[in-house]
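*Asks:*
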Amino acid sequence: MPAVIFKSKDYYGIMAEECKYTNVGRLLKLRPQIDRIRSKFKESVTIKCSCKIGVYDNYNVFLDFTNDEDFKTVWFKRVIKLDG
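Positions 2 to 85 (the numbering used here) are the ones given, in order, by the sequence shown.
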(Lines of atoms letter the chains of each structure in order from A and count residues from 1; the text may use other names and numbers.)
(Lines give C-alpha, C1' and ligand atoms only; values in the text may rest on other atoms or scores of the structure.)
Protein backbone atom coordinates (compact mmCIF):
# COMPACT_ATOMS: atom_id res chain seq x y z
CA MET A 1 0.00 0.00 0.00
CA PRO A 2 1.54 3.36 -1.01
CA ALA A 3 2.03 5.93 1.71
CA VAL A 4 2.36 9.69 1.80
CA ILE A 5 4.82 11.22 4.22
CA PHE A 6 4.57 14.87 5.24
CA LYS A 7 7.26 16.71 7.08
CA SER A 8 5.85 18.40 10.16
CA LYS A 9 7.22 21.80 9.12
CA ASP A 10 5.27 21.53 5.85
CA TYR A 11 2.05 20.37 7.48
CA TYR A 12 1.61 22.41 10.63
CA GLY A 13 0.45 25.91 9.88
CA ILE A 14 0.25 25.50 6.10
CA MET A 15 -1.58 22.36 5.05
CA ALA A 16 -3.44 22.04 8.33
CA GLU A 17 -5.44 25.20 7.66
CA GLU A 18 -6.09 24.40 3.98
CA CYS A 19 -7.27 20.86 4.72
CA LYS A 20 -9.13 21.66 7.91
CA TYR A 21 -12.54 20.68 6.51
CA THR A 22 -11.51 17.95 4.06
CA ASN A 23 -12.79 14.37 4.13
CA VAL A 24 -11.26 11.62 2.03
CA GLY A 25 -13.66 8.91 0.91
CA ARG A 26 -12.74 5.40 -0.14
CA LEU A 27 -14.90 3.73 -2.78
CA LEU A 28 -15.40 -0.03 -2.66
CA LYS A 29 -15.76 -0.32 -6.44
CA LEU A 30 -14.04 1.48 -9.27
CA ARG A 31 -14.91 5.17 -9.16
CA PRO A 32 -17.80 6.36 -11.37
CA GLN A 33 -17.54 9.57 -13.37
CA ILE A 34 -17.02 12.66 -11.19
CA ASP A 35 -20.27 14.25 -12.43
CA ARG A 36 -22.21 11.20 -11.23
CA ILE A 37 -20.49 11.37 -7.82
CA ARG A 38 -21.37 15.05 -7.49
CA SER A 39 -25.02 14.58 -8.44
CA LYS A 40 -25.52 11.55 -6.16
CA PHE A 41 -23.79 13.35 -3.30
CA LYS A 42 -26.09 16.34 -3.76
CA GLU A 43 -29.14 14.03 -3.71
CA SER A 44 -28.10 12.09 -0.59
CA VAL A 45 -26.58 14.78 1.66
CA THR A 46 -28.04 18.15 2.60
CA ILE A 47 -25.42 20.80 3.35
CA LYS A 48 -25.71 24.55 3.90
CA CYS A 49 -22.61 25.80 2.09
CA SER A 50 -20.55 24.61 -0.83
CA CYS A 51 -18.47 21.48 -1.13
CA LYS A 52 -15.68 20.88 -3.62
CA ILE A 53 -15.54 17.24 -4.74
CA GLY A 54 -12.43 15.96 -6.45
CA VAL A 55 -10.74 12.69 -7.25
CA TYR A 56 -7.42 11.36 -6.07
CA ASP A 57 -7.39 8.08 -7.98
CA ASN A 58 -9.82 5.35 -9.08
CA TYR A 59 -10.86 4.50 -5.50
CA ASN A 60 -10.46 7.74 -3.49
CA VAL A 61 -12.31 11.04 -3.59
CA PHE A 62 -11.99 14.12 -1.44
CA LEU A 63 -14.73 16.36 -0.14
CA ASP A 64 -13.55 19.85 0.72
CA PHE A 65 -16.11 21.77 2.81
CA THR A 66 -16.23 25.46 3.65
CA ASN A 67 -17.61 25.17 7.19
CA ASP A 68 -17.45 22.95 10.23
CA GLU A 69 -21.15 22.04 10.37
CA ASP A 70 -21.23 20.58 6.85
CA PHE A 71 -17.94 18.79 7.48
CA LYS A 72 -19.35 17.12 10.60
CA THR A 73 -22.61 16.22 8.84
CA VAL A 74 -20.67 14.05 6.41
CA TRP A 75 -17.99 12.96 8.90
CA PHE A 76 -20.56 11.33 11.19
CA LYS A 77 -22.20 9.39 8.37
CA ARG A 78 -20.69 5.94 8.21
CA VAL A 79 -21.54 5.31 4.55
CA ILE A 80 -22.80 7.39 1.66
CA LYS A 81 -24.18 5.20 -1.13
CA LEU A 82 -23.62 6.46 -4.65
CA ASP A 83 -25.32 3.57 -6.50
CA GLY A 84 -22.80 3.74 -9.28
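Positions of the beta carbon are idealized from the N, C-alpha and C atoms, including for glycine.
#1: Find out if the Cβ-Cβ distance for the pair Lys43, Leu83 is shorter than 8 Å.
#2: Measuring CB to CB, does Ser51 end up less than 8 Å from Thr67?
#3: I believe Arg32 touches Val56 by the beta-carbon criterion, under 8 Å. Please report the beta-carbon distance rounded to the nearest angstrom.
#4: What first and last residue would you give for the beta strand (DSSP E) that runs through Lys41?
#5: Between the Cα of Cys20 and those of Val80, Asp69, Leu28, Asn61, spot the shortest distance and give me the residue it belongs to.
#6: Drop a sphere of 10 angstroms on the beta-carbon of Asp71, count the other beta-carbons inside from all chains shown, and report buried for 16 or more, exposed for fewer.
#7: If we define contact as Cβ-Cβ less than 8 Å, is Cys52 a contact residue for chain E?
*Replies:* This is what the structure holds:
#1: Leu83 is positioned such that its CB atom lies no closer than 8 Å to that of Lys43.
#2: Ser51 is a Cβ neighbour of Thr67, given a cutoff of 8 Å.
#3: Contact holds; Cβ gap of about 6 Å.
#4: Segment 35-45 is the alpha helix (DSSP H) holding Lys41; no beta strand (DSSP E) there.
#5: Of Val80, Asp69, Leu28, Asn61, the residue nearest in Cα terms is Asp69.
#6: Label assigned to Asp71: buried.
#7: Reference to chain E is not applicable here, since this structure consists of a single protein chain.
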